[in-house]
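What follows is a short report on a single structure.
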Amino acid sequence: MGAASASVFVDALTVLDTLARLPGEDQVVRRLSVKLFGDSKRIERLHRPLDVLTNESLAAPARTPQELFNQLGLVKEPQPFLVAGAGTLRLGPDQLAPVLRPFLGVASKAIEGYSGTPAWVLSIENLTTFHLCSQLPQAPQGLIVYTGGMPSPAWATAYAKLLAGVSPATPVLHWGDIDAGGFRIAARIREVVPTSLPFLPWLMDPLGLPAGVETHRADPATLGAMTRHADRAGWSELAKTLRPICVEQEALDPVLPGIDIQERILKS
Numbered sequence: 001m002g003a004a005s006a007s008v009f010v011d012a013l014t015v016l017d018t019l020a021r022l023p024g025e026d027q028v029v030r031r032l033s034v035k036l037f038g039d040s041k042r043i044e045r046l047h048r049p050l051d052v053l054t055n056e057s058l059a060a061p062a063r064t065p066q067e068l069f070n071q072l073g074l075v076k077e078p079q080p081f082l083v084a085g086a087g088t089l090r091l092g093p094d095q096l097a098p099v100l101r102p103f104l105g106v107a108s109k110a111i112e113g114y115s116g117t118p119a120w121v122l123s124i125e126n127l128t129t130f131h132l133c134s135q136l137p138q139a140p141q142g143l144i145v146y147t148g149g150m151p152s153p154a155w156a157t158a159y160a161k162l163l164a165g166v167s168p169a170t171p172v173l174h175w176g177d178i179d180a181g182g183f184r185i186a187a188r189i190r191e192v193v194p195t196s197l198p199f200l201p202w203l204m205d206p207l208g209l210p211a212g213v214e215t216h217r218a219d220p221a222t223l224g225a226m227t228r229h230a231d232r233a234g235w236s237e238l239a240k241t242l243r244p245i246c247v248e249q250e251a252l253d254p255v256l257p258g259i260d261i262q263e264r265i266l267k268s
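Numbering (the UniProt record's numbering), first residue to last: 1 to 268.
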């Protein structure tokens with residue numbers, strides 16, 4: 001490793017050390033970059049070393065800059081926590097925010113709790129699908145949360161507070177792309193969901209897709225990553241059924257779990 005390469009990794013480690021001292025928070029990437037290096041775009045140029053230093057292994061597929069930075073909590077600008085469906089967010093001792101139709105957006109760090117009796121909780125990876133689902137007539141039966149792609153630390157903190165307010169019998173589901181990134185996101189959310197709550201995939205089984213859905217071929221490395229992350233999400237049975245195909249979430253019509261989802265889970 002040359003001097004230039006070494007300095008790149010030193011800078012990347014400086015970024016990671018700074019973020020480690022700010023757990024559960026998001027940082028505006030260019031603002032932090034100026035503070036650390038006097039260069040607003042320096043951190044963005046450190047994508048490769050940051051990916052190497054934080055990926056699951058040296059052989060793991062590289063993450064996109066957006067996925068990596070989201071996971072680390074490096075954002076272009078603060079993102080609202082978007083939620084649709086039933087219940088009320090607690091934003092402070094005397095501040096309650098009912099979940100409005102079609103959806104409500106608040107700062108992640110403002111969320112202190114949740115009250116409500118949703119039949120299910122569903123996190124959704126992509127914004128278009130979230131918007132479509134928020135407008136379905138079944139939306140008030142449950143609680144729908146947009147992950148913003150790969151969840152950031154601030155999102156994860158807010159989601160954990162939200163889940164602390166639901167009944168232990170409430171199914172928590174996730175709907176994302178059927179690809180390596182989609183299952184990696186699911187595995188990250190699994191880390192946030194309390195073990196007392198069932199965590200299940202929604203419309204992520206390739207064997208249950210409607211006929212005619214557009215798919216893309218997955219190479220062996222991608223399929224291996226999908227399987228590995230599905231296992232990490234706690235979905236070992238689904239991991240066994242995965243095939244070398246990828247499906248974007250937007251290729252599927254929006255469908256929400258039924259109000260009888262708890263009953264169907266008990267029977268399965």
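Yeah, the Cβ is synthetic: ideal placement off N, Cα and C, and Gly gets one too.
Write down the C-beta distance between residue i and residue j rounded to the nearest angstrom, noting that I regard them as a contact closer than 8 Å.
| i | j | result |
| --- | --- | --- |
| Ala86 | Pro140 | 5 Å |
| Tyr146 | Leu127 | 6 Å |
| Ile178 | Pro206 | 6 Å |
| Asp26 | Pro153 | 6 Å |
| Ala180 | Met150 | About 12 Å separates the two Cβ atoms, so there is no contact after all. |
| Leu50 | Leu36 | Contact doesn't hold; Cβ gap of about 13 Å is too wide. |
| Ala107 | Phe130 | Between Phe130 and Ala107 the Cβ distance is about 17 Å, and since that is not below 8 Å, they are no contact. |
| Gly142 | Ala119 | 5 Å |
| Val213 | Val247 | 6 Å |
| Ser123 | Ile189 | 6 Å |
Which same chain residues end up closer than 6 Å to residue i when comparing Cβ atoms and leaving out the 5 residues on each side of it in sequence?
| i | result |
| --- | --- |
| Asp231 | Ala239 |
| Thr157 | Gly24 |
| Ser40 | Arg30, Ser33, Val34 |
| Pro65 | His47 |
| Trp235 | Pro201 |
| residue 291 | Examination of residue 291 is not possible in this model, given that the chain is present from 1 through 268 alone. |
| Ser5 | none |
| Asn55 | none |
| Met1 | With a pLDDT of 48 at Met1, under the threshold of 50, the predicted position of this residue should be treated as unreliable, and no value is reported. |
| Phe183 | Met226, His229, Ala230 |
How many Å lie between residue i and residue j at the Cα?
| i | j | result |
| --- | --- | --- |
| Ala211 | Pro201 | 19 Å |
| Lys76 | Gly176 | 22 Å |
| Phe9 | Pro194 | 35 Å |
| Arg228 | Glu237 | 12 Å |
| Leu173 | Ala97 | 23 Å |
| Leu104 | Val255 | 20 Å |
| Arg48 | Arg42 | 12 Å |
| Ala84 | Ser7 | 45 Å |
| Phe199 | Thr88 | 22 Å |
| Val52 | Asp260 | 44 Å |
| Val121 | Gly38 | 43 Å |
| Ala169 | Glu125 | 23 Å |
| Ser57 | Leu13 | 17 Å |
| Ala218 | Leu74 | 29 Å |
| Glu250 | Met204 | 12 Å |
| Ile144 | Gly258 | 13 Å |
| Leu19 | Ala62 | 21 Å |
| Glu191 | Arg21 | 20 Å |
| Arg101 | Thr117 | 17 Å |
| Leu132 | Gln138 | 12 Å |
| Arg45 | Ser115 | 42 Å |
| Thr215 | Ala164 | 37 Å |
| Ser196 | Leu252 | 30 Å |
Over what stretch of residues does the alpha helix (DSSP H) that includes residue i continue unbroken?
| i | result |
| --- | --- |
| Ser33 | 29-37 |
| Arg190 | 180-190 |
| Leu89 | Leu89 -> not in any alpha helix (DSSP H); beta strand (DSSP E) instead, spanning 88-92. |
| Gln135 | No alpha helix (DSSP H) contains Gln135, which DSSP labels as neither H nor E. |
| Ser40 | Where Ser40 is concerned, there is no enclosing alpha helix (DSSP H), given that its DSSP letter is neither H nor E. |
| Leu68 | 65-72 |
| Ala62 | Here Ala62 belongs to no alpha helix (DSSP H), and DSSP marks it neither H nor E. |
| Ser236 | 236-241 |
Just reading off the beta strand (DSSP E) that residue i is part of, what are its end residues?
| i | result |
| --- | --- |
| Phe81 | 80-85 |
| Ala156 | Note, Ala156: premise wrong, no beta strand (DSSP E); alpha helix (DSSP H) at 153-163. |
| Ile259 | Ile259 -> no beta strand (DSSP E), and no H or E assigned at all. |
| Pro49 | No beta strand (DSSP E) contains Pro49, which is instead part of the alpha helix (DSSP H) from 47-54. |
| Gly105 | 104-107 |
| Gly113 | 113-115 |
| Ala225 | No beta strand (DSSP E) contains Ala225, which is instead part of the alpha helix (DSSP H) from 220-232. |
| Pro201 | 199-201 |
| Ser123 | 121-124 |
| Val247 | Taken as a continuous stretch (DSSP letters only), Val247 belongs to no beta strand (DSSP E), as it is neither H nor E. |
| Val193 | Unbroken run through Val193: none, as it is neither H nor E. |
In chain order, what residues of the same chain have a beta carbon less than 7 Å from the beta carbon of residue i, not counting five sequence neighbours either side?
| i | result |
| --- | --- |
| Leu136 | Pro254, Leu256 |
| Leu223 | Leu242, Pro244 |
| Gly148 | Asn70, Gln79, Trp155 |
| Glu112 | Arg90, Leu91, Gly92, Lys161 |
| Ala187 | His229, Arg232, Ala233 |
| Asp17 | none |
| Glu67 | Gly149, Met150, Gly181 |
| Lys109 | Ala154 |
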